[in-house]
Amino acid sequence: MAVLDQLVSGISIPDRSGIVERLEEALADYYGVRHAVLTCTGTAALHSMYAACRLGAGDEVIVPAYTFFATVTPLFQLGALPVLADCNADGNLDVEDVARRITSRTAAIVVTHMWGMPADVRALRSLADRHHLLLLEDGSHAHGAQVGGQKVGTFGRAAAFSLNGPKPLSAGEGGYVLTDDDDVYYRVLLHGQYNNRCRNELPRDHPLYRYSVTGMGLKFRIHPLAAAVAFDQLGHLDEYLDGRERIAAMMRERLTDVPGIAVPKVATGTKPSWYGFILQYRRESLSNLPIERFYEAVKVEGCHVVDRPVSTCPLNTLPLFQDPARYIRHTQTVYRIIRATSRTLKPFITTRSSCQSGIGMRMCTWSNSTFERSARSLTTTVSCYDPTDG
Ligand SMILES: Cc1ncc(COP(=O)(O)O)c(C=O)c1O
C-alpha cells in the first residue's frame, strides 16, 4: 500500500520531504539517534560515512578480514588504507588482534556484526577511546540487534546499514547512515545528497556551505519506492526479529546434539538479529569428512536453500585486495596511494585458520506457518564453517 501511495505522490524526491523524511525520522526514532540519512545502497552509505568522518590518504583503518567486501572497498575510493584484522569463529572482530594492529597512523576501527551476531562492540569502543580512534559500525546484517539493551549502530561516531534484498530490514535496494554528530551529518549530505538537501539542511555558516549546490559531486539518493518498502517494514521490524529469535531458539535446541556441527553461542545480554544462523562444522566428529561432502549431503537431505557465499569471505583471498593498484587507477594521486596500499597490505593479511576457512554455507531456510505472512523476513539462513579448512 505504501508503495502504491508513493507511485501516486512522486517517484523522485530531491529534498528531505515525503517518504524520505518520514523514514529518516522513523529510523532516528527507532535507534534513538539525532540523524539518519538514506542512501541508494549500503555501499553508498559506507562511502558517505567514511568520507564524512574525513578518512582519506594516509589514514589506516582497521577492518575485519572476514566480511562482505563492501564494508571495506569504499575506503579504496578515498585513498585510505584498510588494515585487515583477524576475526573470531563467529566472524566478528577479534579485539586483541585489533589492538595489535593499532599504529600511529590508525584513524578508525570499523566493526561489523556478521550474520546479525553482535560483535564485542563495547570492548572495541573502549579500545578506540583509549587510543583516540573513531569507532564506526557496518550494521548491514544487524538491524535491531542489541548489546546490553543498546542497538548496534549506536556505539560509534556513525554507522552505515544496507537495506538490500534479504536484509533484516529491506528496501530492495537502499542504505542509511546514523549519527549523533552534526558535522558528520552535514558531510554525509555533502558527499552524496547534493543541491536541495545541502542547501536546505546545512547551516549557512558551515565552512562547506558554499559547496551546497554541487556537494562533493555524488548522488546517492534513495529511490522513493524503495523508501516506501522499508518504511512499511520498519513498522514490523521488532515483530520480525521476535519471529527470527523463536526460529533460532528452535534450531539451537534441535541441532545441539547433531554430530558434526556446533550451534552459535549468544553472549549474555546480546540480542542477535539472526540474519544468518552460523554453524561451525566439526569435521573431526564426522571422520574428517571434507566440508564439500558434508555440504552435498545436506543438499541431498533436502535443505531448501543451500548457499556457499563467495563474496562474504576472507578479503585477502580477493584479487582487489591482493593488488588494489591494478584495478583502481582513477587519478595519478589515487594510483600512488593504492600502490602504497598494496605494499602495506601484505604484512597485514595474515589470518588465522578460523578466519581463513571462511567457507560459508547458507544451508537451510526455515520457516514456520505462524510466520508465513512475512516469510521473507522470517526465513533464517544457516551458515556453516569448517574452522580447520583452508
Ligand atoms: C556486511 C555488509 N556490508 C555492506 C554491504 C553492502 O550493502 P549494499 O549491497 O546495499 O550496497 C553488504 C551487502 O550485502 C553487507 O553484507
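The sequence shown begins at 1027 in the working numbering and counts up one residue at a time. The beta-carbon is built from N, C-alpha and C at its ideal position, and this holds for glycine as well. The model shown is predicted, which means the values in this text are computed figures rather than measured ones.
Helix, strand or coil: which one does DSSP assign to Ile1088?
Strand, per DSSP.
So is Arg1060 in contact with chain C if we call contact Cβ pairs under 8 Å?
Looking at the structure shown, chain C is missing, and only one protein chain is on hand.
Need the endpoints of the alpha helix (DSSP H) that Tyr1321 sits in, please.
Run containing Tyr1321: 1317–1326, per the alpha helix (DSSP H) assignment.
Near ligand 1: Leu1072 beta-carbon under 7 Å from a heavy atom
Indeed, a heavy atom of ligand 1 lies less than 7 Å from the Cβ.
Is Thr1067 near Gly1175, with beta carbons less than 8 Å apart?
No; because the gap between Cβ atoms is not below 8 Å, this pair is not in contact.
Straight-line CA distance for Pro1250 to Pro1229?
Roughly 25 Å separates the two Cα atoms.
Give a yes or no on contact between the stretch 1205–1220 and the stretch 1183–1192, applying the rule of three or more CB pairs nearer than 8 Å.
Yes, the stretch 1205–1220 is in contact with the stretch 1183–1192.
Whose C-alpha, out of Phe1102, Ala1254, Arg1308, is nearest the C-alpha of Leu1346?
Of the candidates Phe1102, Ala1254, Arg1308, the residue whose Cα lies closest to the Cα of Leu1346 is Phe1102.
Is Thr1129 near ligand 1, going by C-beta to nearest heavy atom under 7 Å?
No, since every heavy atom of ligand 1 falls outside the 7 Å radius drawn around the Cβ of Thr1129.
State the DSSP-derived secondary structure class of Thr1370, mapped to helix, strand or coil.
Low local confidence applies: a pLDDT of 31 at Thr1370 is under 50, so the model's placement there is unreliable, with the coordinate-based value given in what follows. Thr1370: helix per DSSP, three-state reduction.
Quickly, what does DSSP pair Val1173 with across the bridge? List them, please.
According to DSSP, Val1173 bridges with Gln1176, Thr1296.
By alpha-carbon positions, which one of Val1098, Ala1145, Val1324 ends up nearest to Cys1113?
Checking every option, the nearest Cα to that of Cys1113 belongs to Ala1145.
With a 10 Å radius around its C-beta and 16 neighbouring C-beta atoms as the bar for buried, classify Gly1142 as buried or exposed.
It is buried - the Cβ of Gly1142 has at least 16 other Cβ atoms within 10 Å.
For ligand 1, is there any heavy atom lying closer than 7 Å to the beta carbon of Thr1099?
Not a single heavy atom of ligand 1 lies less than 7 Å from the C-beta of Thr1099.
Where Tyr1446 sits in the DSSP three-state scheme
No answer is possible for residue 1446: the residues shown for the chain start at 1027 and end at 1416.
Alpha-carbon to alpha-carbon, Leu1081 and Val1046
Whole-angstrom Cα-Cα distance: 27 Å.
With distances taken Cα to Cα, identify the nearest neighbour of Val1098 among Tyr1235, Lys1325, Thr1296, Asp1164.
Ranking the options by Cα distance to Val1098, first place goes to Asp1164.
Can you check whether the CB of Ala1111 is closer than 8 Å to the CB of Val1087?
It is not a contact, given that the beta carbons lie outside the stated cut-off.
So, at 6 Å on beta carbons, what are the nonlocal neighbours of His1073 in its own chain, with the 5 sequence-adjacent residues on each side left out?
Hits under 6 Å: Pro1100.
Among the candidates Leu1216, Pro1194, Glu1199, Arg1048, whose CA atom is the shortest distance from the CA of Ser1238?
Per the C-alpha coordinates, the member of Leu1216, Pro1194, Glu1199, Arg1048 positioned closest to Ser1238 is Leu1216.
Based on Cα-Cα distance, which residue from Pro1285, Gly1261, Asn1118 lies nearest to Ala1028?
For the residues Pro1285, Gly1261, Asn1118, the minimum Cα distance to Ala1028 belongs to Gly1261.
What beta strand (DSSP E) runs, 3 residues minimum, are completely inside the stretch 1094–1144?
Every unbroken stretch of the beta strand (DSSP E) spanning 3 or more residues and falling wholly within the stretch 1094–1144 is given here in chain order: 1107–1111, 1132–1138.
Where DSSP assigns a beta bridge to Tyr1307, which residues make up the other side?
Residue pairing for Tyr1307: DSSP places it in a beta bridge opposite Ile1287.
Residues near Arg1151 by beta carbon distance below 8 Å, same chain, minus five either side:
For Arg1151, the CB contacts under 8 Å within the same chain, skipping 5 residues up- and downstream, are Leu1161, Phe1181, Gly1182 in chain order.
Residues in its own chain within less than 6 Å of Val1214 by CB, not counting five upstream and five downstream?
Correct list, in chain order: Val1063, Ser1074, Ala1078, Val1203.
Can you tell me whether Gly1170 sits near ligand 1, meaning its C-beta is under 7 Å from at least one heavy atom of the ligand?
No, the beta carbon of Gly1170 sits no closer than 7 Å to any heavy atom of ligand 1.
Could you tell me how far apart the beta carbons of Arg1048 and Ala1054 are, in whole angstroms, since I believe they sit closer than 8 Å?
With 8 Å as the limit, Arg1048 and Ala1054 do not qualify as a contact, their Cβ atoms being about 11 Å apart.
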